[in-house]
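These notes are about the structure you will find just below.
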Amino acid sequence: MKIFLFSEKDRSENNFFKLFDSAYLNDTRKLLFAFLVLFCLAGGLFFSGLLVAAVGGSPTKVLSSLIEGSFQTSGAFGRTLVEAVPLLLVSIGVIVSFRAGHYNIGTEGQVAIGALFSAVIALQVSGPEWFVIVLAILGSFLGGAIWSGIAVGAYLWRRVDVMISTLLLTFIAPNVVLFAVSKDYLLLDTTKSNTRLASQSERVPVEKRLPEFEVFGQELHWGVVVAVVLSLLLTVLLGKSVWGLKVRLLGANFVTAKRFGVTQGKEGATALLLSGGFSGLAGGMIVMGSAFRLQSHIANDFGWDGLLSALVSRLNGYFALLSSIFFAALRTGSSFLAATGVSRTITSVIQGLMVIAALMPAALIVVISRSDFGRKRFGNQKKGEDEC
Amino acid sequence: MESRSSDNVLSLSSITKRFGDIVACNEVDFNVPAGTIVGLLGQNGAGKSTLMNIVIGLYQPDEGSVYVQGTEVKIRSPKHAAELGVSMVHQHFSVIEALSVWESVCLGDKSTYDPDSVKDELFVLAEKYGLEVDPNSRISELTPGQRQRVEILKCLRRDPKVLVLDEPTSVLTDEESAKLFDVVQRVVEDEGRAAVLISHKLDEILYATQHVVIMRDGRVIERIATEDAEAGFLAEAMVGRKVSLRSSGSAFGLTEKEDFKLDVPDIENTKSSSLVLRVENSSCVDDRGRRLEAFNLDAFAGEIVGVTGAEGNGQSLLADVLSSLVPLDAGSISVDGKQISTGVSGAMSEAGIAVIPEDRHHSGCALELTVAENLIVNRAKQLSRWGIIRKETRDRFVNDLIKKYDVKASSVEQIFGNLSGGNQQKCVVARELSASPKILVAVQPTRGLDVGAIEFMIEQIKSAADNGVAVVLISTEIGEVLELSDRLIVMYRGRNQLEMVRKDFEVEAIGAAMAGESR
Ligand SMILES: Nc1ncnc2c1ncn2[C@@H]1O[C@H](COP(=O)(O)OP(=O)(O)OP(=O)(O)O)[C@@H](O)[C@H]1O
Ligand SMILES: [Mg+2]
Numbered sequence: 024m025k026i027f028l029f030s031e032k033d034r035s036e037n038n039f040f041k042l043f044d045s046a047y048l049n050d051t052r053k054l055l056f057a058f059l060v061l062f063c064l065a066g067g068l069f070f071s072g073l074l075v076a077a078v079g080g081s082p083t084k085v086l087s088s089l090i091e092g093s094f095q096t097s098g099a100f101g102r103t104l105v106e107a108v109p110l111l112l113v114s115i116g117v118i119v120s121f122r123a124g125h126y127n128i129g130t131e132g133q134v135a136i137g138a139l140f141s142a143v144i145a146l147q148v149s150g151p152e153w154f155v156i157v158l159a160i161l162g163s164f165l166g167g168a169i170w171s172g173i174a175v176g177a178y179l180w181r182r183v184d185v186m187i188s189t190l191l192l193t194f195i196a197p198n199v200v201l202f203a204v205s206k207d208y209l210l211l212d213t214t215k216s217n218t219r220l221a222s223q224s225e226r227v228p229v230e231k232r233l234p235e236f237e238v239f240g241q242e243l244h245w246g247v248v249v250a251v252v253l254s255l256l257l258t259v260l261l262g263k264s265v266w267g268l269k270v271r272l273l274g275a276n277f278v279t280a281k282r283f284g285v286t287q288g289k290e291g292a293t294a295l296l297l298s299g300g301f302s303g304l305a306g307g308m309i310v311m312g313s314a315f316r317l318q319s320h321i322a323n324d325f326g327w328d329g330l331l332s333a334l335v336s337r338l339n340g341y342f343a344l345l346s347s348i349f350f351a352a353l354r355t356g357s358s359f360l361a362a363t364g365v366s367r368t369i370t371s372v373i374q375g376l377m378v379i380a381a382l383m384p385a386a387l388i389v390v391i392s393r394s395d396f397g398r399k400r401f402g403n404q405k406k407g408e409d410e411c
Numbered sequence: 045m046e047s048r049s050s051d052n053v054l055s056l057s058s059i060t061k062r063f064g065d066i067v068a069c070n071e072v073d074f075n076v077p078a079g080t081i082v083g084l085l086g087q088n089g090a091g092k093s094t095l096m097n098i099v100i101g102l103y104q105p106d107e108g109s110v111y112v113q114g115t116e117v118k119i120r121s122p123k124h125a126a127e128l129g130v131s132m133v134h135q136h137f138s139v140i141e142a143l144s145v146w147e148s149v150c151l152g153d154k155s156t157y158d159p160d161s162v163k164d165e166l167f168v169l170a171e172k173y174g175l176e177v178d179p180n181s182r183i184s185e186l187t188p189g190q191r192q193r194v195e196i197l198k199c200l201r202r203d204p205k206v207l208v209l210d211e212p213t214s215v216l217t218d219e220e221s222a223k224l225f226d227v228v229q230r231v232v233e234d235e236g237r238a239a240v241l242i243s244h245k246l247d248e249i250l251y252a253t254q255h256v257v258i259m260r261d262g263r264v265i266e267r268i269a270t271e272d273a274e275a276g277f278l279a280e281a282m283v284g285r286k287v288s289l290r291s292s293g294s295a296f297g298l299t300e301k302e303d304f305k306l307d308v309p310d311i312e313n314t315k316s317s318s319l320v321l322r323v324e325n326s327s328c329v330d331d332r333g334r335r336l337e338a339f340n341l342d343a344f345a346g347e348i349v350g351v352t353g354a355e356g357n358g359q360s361l362l363a364d365v366l367s368s369l370v371p372l373d374a375g376s377i378s379v380d381g382k383q384i385s386t387g388v389s390g391a392m393s394e395a396g397i398a399v400i401p402e403d404r405h406h407s408g409c410a411l412e413l414t415v416a417e418n419l420i421v422n423r424a425k426q427l428s429r430w431g432i433i434r435k436e437t438r439d440r441f442v443n444d445l446i447k448k449y450d451v452k453a454s455s456v457e458q459i460f461g462n463l464s465g466g467n468q469q470k471c472v473v474a475r476e477l478s479a480s481p482k483i484l485v486a487v488q489p490t491r492g493l494d495v496g497a498i499e500f501m502i503e504q505i506k507s508a509a510d511n512g513v514a515v516v517l518i519s520t521e522i523g524e525v526l527e528l529s530d531r532l533i534v535m536y537r538g539r540n541q542l543e544m545v546r547k548d549f550e551v552e553a554i555g556a557a558m559a560g561e562s563r
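Same order as they appear, the protein sequences are chains D and C.
Each residue of the first sequence is one higher than the one before, counting from 24 in the working numbering.
Each residue of the second sequence is one higher than the one before, counting from 45 in the working numbering.
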């Protein structure tokens, strides 16, 4: 990848991820962007339809089942919101770390480790239920933070690139979880129900799950509230607090930051640890709120989808609320589609197509605003943005 | 346009360019006749860079047309501009630090290239114009002067008909500037090209150009043949009021330094005021090969210590050490008698050292943050309650600074990188001075400012000294140093080569010391 050829300073200035920054969008571009989003989503649906038609299904059913499965059928919206919780938490963490100029792309692994921590606590700590629940959730945060902490340590100690170390740690995490759920002295489920001794933990007992509540007929759990409150809080802090200014200064120009006492060791590390912690929290929410048991693939792409959702939101915490619901809807919608008889492989492809469709506008807007037509119409590059 | 004939290599007619509410260029007509150098003057934020960015295809004009050699063209991109024969050396460097010289030079070429032939080409060009630079060295290892050489070589290699230079000498020493103009004049006169020169240094404009165009607030307000112009007139036309001769004199460039007259030596008795900054026996080497060797510097409250020397003799490293960017290998730095650890993030600024850095984009600002955020990074805590920055307090503070320092910004939320170069500099100075520091390290503080703003900045720096700040003025512009300093240190290869108090200032001795001769 070309990015790695640049020095640190160049990297912070010419980074690919800057394209996803909302500062890049001026007013006219915002309109264009909105249009592109609709256009690309329509395109994604169109190709999904073609695909379904090609395997002998009904193409018109794609859109309707996606919508039905994620919003319309009874309880679907609630399921989508519950699914959005881990996505949102991951996204917010990603936003914080990207803003600090550290590209934590190992969220998938941090989700898994967070899930592991919460499962251990929920299954093995005894005490009042509320206490265990709170402890398990806090533990998941700690787990994710520890996993990203390894990358932080390597960076501070030997300047190992965070993008690479977090990514590589992602491949280790599921194996750690697998180890835990396949040893009977750890978490392996040895009850009668698991006769084949599949590698999984016992189920979290009902009273130790996140408490549920109902609004407008939708079943939600308290994780929804926690996630929304935390993400709003972090977004406000990032934009308005002294800490947030420091973090963004670090990401924008770490030399200037150093002069004013903002360091990779303090603010940079905090941002990364927070980011890992939030991913871990997402893992905790999955175990305690929807999966109820630990398996090696517990992260189930939540980490990756959350990362993408953060990019689609252009690193804006408020938009992340929307984009994580979108990604969650895709997940619930395509499960529903699978239930209507479209094969799982096809629904996975459709899900992938829609993700690409959601990511396209960010790339297209650059292409368009650099073109003849776009320059005239959609305004100015920042100085020097595309000098040759 | 009647003035549009084919002997204008480049001709702009009624160009208008808006950014939101700001009209950066307002119906600008601008002609560059073949074989001439046209000077473009104007206050900070007048629209000079914007106009030239239109010519180079970075911006599209909202209205108006561009003609190259008599034919109307729509310049789509810098690449297209280069094909049409227009090349530009930008106000802020646009070379990438991690690349080598030859790579930078052919970056953006459309064809494939062969390293050896590029290097050969560079060698021939460098020979021809006397712009030596090693094609294999990395950009990050070069001094600003050398980087600029690379940019110029890059332009010349494309064989331009029009060469646009946006404040090219602001990073150059006087000799380098003289050499640059030599090259530009040769290129223009002998080879029949043309050039546009943007500069705030009036004597450069008078020296190098044939025509002068003056802009104010986006409009052209004056066009004059250089031979009919003189510095006072230009300054006044530009700023719209009389500017003291003294401050236009500090926009020094090429005038003979021998004529420099000292005003009454107004040395204070430094012994009586307290020692604030002590740099003692300091040595260090950084990865760019810059070095300090047993360097000493004392600065007392209320005095201005000038530090000068030819570019690359350790001054910029000294500034970096005082910005907590580089640790010392030996020696110490103390403020008010207390030793400060070097190279530790924030330590110097904590101890009361404010720095106006040499390269504002490197360590002075964050281009992607807003103007307000850039102005408060050193005092965010004071403006906050419970960790949240209070918006009204912040905006009041920021607006006061903007007003006081006459920063031209569309709002406090404007992205810093979109400010004009001079306005960025004003913001940096404003922020550093507003922190009421004990020590102000000012490296080329007037870089990129217009004559009016220079006058104001110099007043500010002097009054800071009058109020008891110890000022360390690091500059290669010896005129500025001589005018302002109470005491002067000449650096050579990272050492103290010469130290003088104001009443002994002697231009010849200083020049000799800069060249490394000891008395
Ligand atoms: N991309 C942009 N977006 C918004 N405003 C801009 C942008 N570029 C320039 N401006 C505004 O246009 C005005 C003219 O800027 P310009 O850079 O052309 O000034 P200048 O004459 O080159 O000044 P200086 O001498 O300080 O370099 C300024 O007020 C600046 O804030
Ligand atoms: Mg400019």
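C-beta: ideal position from N, C-alpha, C; glycine also.
Check whether the Cβ of residue i lies closer than 8 Å to any Cβ atom in chain D.
{"i": "C:G560", "result": "no"}
{"i": "C:G408", "result": "yes"}
{"i": "C:I432", "result": "yes"}
{"i": "C:G390", "result": "yes"}
{"i": "C:V399", "result": "yes"}
{"i": "C:E412", "result": "yes"}
{"i": "C:K594", "result": "Here chain C comprises residues numbered 45 to 563, so residue 594 of chain C is not present and cannot be evaluated."}
{"i": "C:V421", "result": "yes"}
Answer with yes or no whether the minimum CB distance from residue i to chain C is below 8 Å.
{"i": "D:W170", "result": "no"}
{"i": "D:L268", "result": "yes"}
{"i": "D:F283", "result": "yes"}
{"i": "D:R181", "result": "no"}
{"i": "D:K263", "result": "yes"}
{"i": "D:A385", "result": "no"}
{"i": "D:V390", "result": "no"}
{"i": "D:V278", "result": "yes"}
{"i": "D:L295", "result": "no"}
Using only alpha-carbon positions, find the residue among the options that is nearest to residue i.
{"i": "D:F164", "options": "D:T368, D:S298, D:R226", "result": "D:S298"}
{"i": "D:S357", "options": "D:F62, D:G66, D:L89", "result": "D:L89"}
{"i": "C:L528", "options": "C:G108, C:E165, C:Q488", "result": "C:Q488"}
{"i": "D:S319", "options": "D:S205, D:L360, D:R232, D:G267", "result": "D:S205"}
{"i": "D:G92", "options": "D:F62, D:G124, D:A351, D:R219", "result": "D:A351"}
{"i": "D:S264", "options": "C:G387, C:I420, C:V379, C:L169", "result": "C:I420"}
{"i": "C:R267", "options": "C:L84, C:I384, C:S57", "result": "C:L84"}
Can you list, in chain order, the residues of its chain with a C-beta nearer than 7 Å to that of residue i? Leave out the 5 residues immediately preceding and following it.
{"i": "D:V105", "result": "L243, H244, V247, G312, S313"}
{"i": "D:Y341", "result": "T258"}
{"i": "D:E235", "result": "E242, L243, H244"}
{"i": "D:G66", "result": "A380"}
Identify, in the order they occur along the chain, each residue of the same chain with its Cβ nearer than 8 Å to the Cβ of residue i, setting aside the five sequence neighbours on each side.
{"i": "C:D178", "result": "V145"}
{"i": "C:Y103", "result": "K61, T94, N97"}
{"i": "C:A363", "result": "V399, P401, E402, V485, V487, I518"}
{"i": "D:L260", "result": "W266, G267"}
{"i": "C:A514", "result": "V320, L321, A343, F344, A345, G346, E347, V349, K482, I483, L484"}
{"i": "C:K448", "result": "A474"}
Leaving out five residues on either side along the sequence, give the residues of the same chain with a beta carbon under 6 Å from the beta carbon of residue i.
{"i": "D:T363", "result": "S88"}
Is the number of C-beta pairs between the stretch 255-263 of chain C and the stretch 214-231 of chain C that are closer than 8 Å three or more?
no
Environment of ligand 2 in chain order, Cβ to heavy atom below 7 Å
C:K92, C:S93, C:Q135, C:D210, C:E211, C:I242, C:S464, C:G465, C:G466
Given 8 Å, three or more beta-carbon pairs between the stretch 222-233 of chain D and the stretch 273-286 of chain D:
no
Pairs of beta-carbons, one from the stretch 235-242 of chain C and one from the stretch 64-71 of chain C, closer than 8 Å: are there three or more?
The stretch 235-242 of chain C vs the stretch 64-71 of chain C: no contact.
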